[in-house]
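One structure is given here, and the rest of the page talks about it.
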Amino acid sequence: MFGTEFVSIQTPPGDSITNYDRSLHYDEQPSSVPAIFTEAMSVREEVFVKEQGVPLENELDQDDARSYHWVVYASVGTTHSSTSTSGSPEAQHRKSAGHSRQSSNDERRRSSGSTASRVPVGTIRLVPPPHKHSASQKSASGLYDGPQWEPKEPYIKLGRLATLSPYRGLGLSKLLVNSAVDWARSHVDEIVTPLSPAEIEAARLEGKKEQEPWEGRVIVHAQTPVQGLWARFGFVLVSEMGTWWEEGLEHVGMQLHVPIPTLKPTLSSGIVPFATPAHGVPDSAY
Numbered sequence: 001m002f003g004t005e006f007v008s009i010q011t012p013p014g015d016s017i018t019n020y021d022r023s024l025h026y027d028e029q030p031s032s033v034p035a036i037f038t039e040a041m042s043v044r045e046e047v048f049v050k051e052q053g054v055p056l057e058n059e060l061d062q063d064d065a066r067s068y069h070w071v072v073y074a075s076v077g078t079t080h081s082s083t084s085t086s087g088s089p090e091a092q093h094r095k096s097a098g099h100s101r102q103s104s105n106d107e108r109r110r111s112s113g114s115t116a117s118r119v120p121v122g123t124i125r126l127v128p129p130p131h132k133h134s135a136s137q138k139s140a141s142g143l144y145d146g147p148q149w150e151p152k153e154p155y156i157k158l159g160r161l162a163t164l165s166p167y168r169g170l171g172l173s174k175l176l177v178n179s180a181v182d183w184a185r186s187h188v189d190e191i192v193t194p195l196s197p198a199e200i201e202a203a204r205l206e207g208k209k210e211q212e213p214w215e216g217r218v219i220v221h222a223q224t225p226v227q228g229l230w231a232r233f234g235f236v237l238v239s240e241m242g243t244w245w246e247e248g249l250e251h252v253g254m255q256l257h258v259p260i261p262t263l264k265p266t267l268s269s270g271i272v273p274f275a276t277p278a279h280g281v282p283d284s285a286y
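And the structure:
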């Protein structure tokens, strides 16, 4: 699923987010910023900035311009007289108040002319290679500031997986991860663009190493509290990457090998069937 009524993809926004002001919220950005990217940032701000305390100015990073972004939507009812809050925690409480009360609310909505609007409720991003690898540093307290090992061959990195609180436990993370992985498997040449014959010859003359294709390795930097969520999607712990801290949050490295139809099966494992997150497991990861 690459793009549907309920899932949209933003191809790398590039220069269109050059004027994105890190000190301002998503709804204060210039109109030149693509709408889907703004929607992704609205979810990221709610989860990472408001819930987890990541500084607003750190949420947009150097990878956003070259990354692919997916947004999943919920259909939320509204009326002409007022805006519905059916996606809020308060509305979730009201939904359990009783059938008769709900029926009365439904009748009022029908009489006032109800409509439905798409509301962004979840997002994920895919960062293609190459990835900058800098040696992680160990602080005086014994904490590392980055992974202690990174794969040398091309890999994609999934991250910024987030779902708004009222919509967790509904399998939206599964939908987002599936969308990103399925897209990658079908767009291998966009992950690592093949060189032209002239570029290949120029690289050979310069003694450069032959370009390697992407062979299905997917990496995530998972917050330790949601390591189990990524495991449900088939990701396994990469112990060589160690444990480190990003934005004050503990992380571990995990990976998944996906089969690429056009490549020979050189990697050992395939996609493990996805499972809906268990109740109580946060449906987000940084």
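The numbering of the sequence shown is full-length UniProt numbering, which starts it at 1 and goes up by one. All C-beta atoms, glycine included, are put in the ideal place defined by N, C-alpha and C.
Within 8 Å, do at least three Cβ pairs link the segment 60-67 to the segment 166-186?
No contact exists between the segment 166-186 and the segment 60-67.
Only counting the same chain, and skipping five residues up and downstream in sequence, which positions put a Cβ closer than 6 Å to that of Leu-256?
Taking the first residue of the sequence shown as 1, we reach residue 256 at position 256. Val-218, Gly-234, Phe-235, listed in sequence order.
Using beta-carbon positions only, say whether Gln-10 and Tyr-20 come within less than 8 Å of one another.
Taking the first residue of the sequence shown as position 1, residue 10 is located at position 10. Taking the first residue of the sequence shown as position 1, residue 20 is located at position 20. Going by C-beta atoms, Gln-10 is not nearer than 8 Å to Tyr-20.
Unbroken alpha helix (DSSP H) runs of length 4 or more, entirely within the segment 161-201: which are they?
Within the segment 161-201, the complete alpha helix (DSSP H) runs of at least 4 residues are 172-186, 188-191.
Among Leu-161, Ala-40, Glu-190, which has the Cα closest to the Cα of Pro-129?
For the purposes of this step, residue 129 is identified with residue 129 of the sequence shown, where counting begins at 1. Of Leu-161, Ala-40, Glu-190, the residue nearest in Cα terms is Glu-190.
Along the alpha helix (DSSP H) that carries Leu-229, what are the first and last residues, could you check?
Taking the sequence shown and counting its residues from 1, one reaches residue 229 at position 229. That run of the alpha helix (DSSP H) goes 227-232.
By DSSP's criteria, Leu-24 is part of a beta bridge. Which residues make up the other side?
Working through the sequence shown from its first residue, we reach residue 24 at position 24. Beta-bridge pairing links Leu-24 to no other residue.
Report back the beta-carbon spacing between residue 291 and Pro-147 to the nearest angstrom; my notes put them in contact at under 8 Å.
What is shown of the chain runs 1 to 286, which leaves residue 291 out entirely.
Round the Cβ separation of Val-33 and Leu-176 to the nearest angstrom and send it over; I've been treating them as touching at under 8 Å.
The sequence position of residue 33 within the sequence shown is 33, counting from 1. The sequence position of residue 176 within the sequence shown is 176, counting from 1. With a Cβ gap of about 21 Å, Val-33 and Leu-176 do not count as contacting.
Gln-52 to Ala-162, Cα distance in whole Å?
Translated into the one-based positions of the sequence shown, residue 52 becomes position 52. Translated into the one-based positions of the sequence shown, residue 162 becomes position 162. Going by the C-alpha atoms only, they are around 11 Å apart.
How many angstroms separate the CA atom of Pro-12 from the CA atom of Phe-37?
Working through the sequence shown from its first residue, we reach residue 12 at position 12. Working through the sequence shown from its first residue, we reach residue 37 at position 37. Whole-angstrom Cα-Cα distance: 9 Å.
Within this structure, are the beta carbons of Glu-57 and Arg-44 separated by less than 8 Å?
What you label residue 57 is simply residue 57 of the sequence shown in a count that begins at 1. What you label residue 44 is simply residue 44 of the sequence shown in a count that begins at 1. Contact: no.
Starting from the C-beta of Ala-116, find all residues in its chain whose C-beta is less than 8 Å away, skip the five residues before and the five after it, and write them out in chain order.
On the sequence shown, position 116 is the one that residue 116 refers to. Excluding residues within five positions, the ones whose Cβ falls inside 8 Å are Ser-75, Val-76, Gly-77, Thr-78.
Find out if the Cβ-Cβ distance for the pair Glu-246, Trp-149 is shorter than 8 Å.
As a first step, residue 246 is located in the sequence shown; it is residue number 246 there, counting from the start. As a first step, residue 149 is located in the sequence shown; it is residue number 149 there, counting from the start. Contact: no.
May I have the straight-line CA-CA distance separating Pro-120 from Pro-259, to the nearest angstrom?
For the purposes of this step, residue 120 is taken as the residue at position 120 of the sequence shown. For the purposes of this step, residue 259 is taken as the residue at position 259 of the sequence shown. C-alpha separation (whole angstroms): 30 Å.
Roughly how many whole angstroms lie between the Cα atoms of His-131 and Leu-158?
Indexing the sequence shown from 1 puts residue 131 at position 131. Indexing the sequence shown from 1 puts residue 158 at position 158. Computed Cα separation, rounded: 12 Å.
Count the other CB atoms within 10 Å of the CB of Arg-22; is the residue buried (16 or more) or exposed (fewer)?
Position 22 of the sequence shown, counted from the start, is the residue given in the question as residue 22. Exposed, because fewer than 16 other Cβ atoms sit within 10 Å of the Cβ of Arg-22.
Less than 8 Å between C-beta atoms, sequence neighbours within five positions excluded: which residues of the same chain meet that for Ser-42?
Residue mapping note: residue 42 aligns to position 42 of the sequence shown, counting from 1. Excluding positions up to five away in sequence, the list reads Tyr-26, Asp-27, Pro-120.
Apart from the five residues on each side of it in sequence, which residues of its chain come closer than 7 Å, Cβ to Cβ, to Phe-6?
Walking along the sequence shown from the start, residue 6 turns up at place 6. These residues qualify, in order along the chain: Val-72, Tyr-73.
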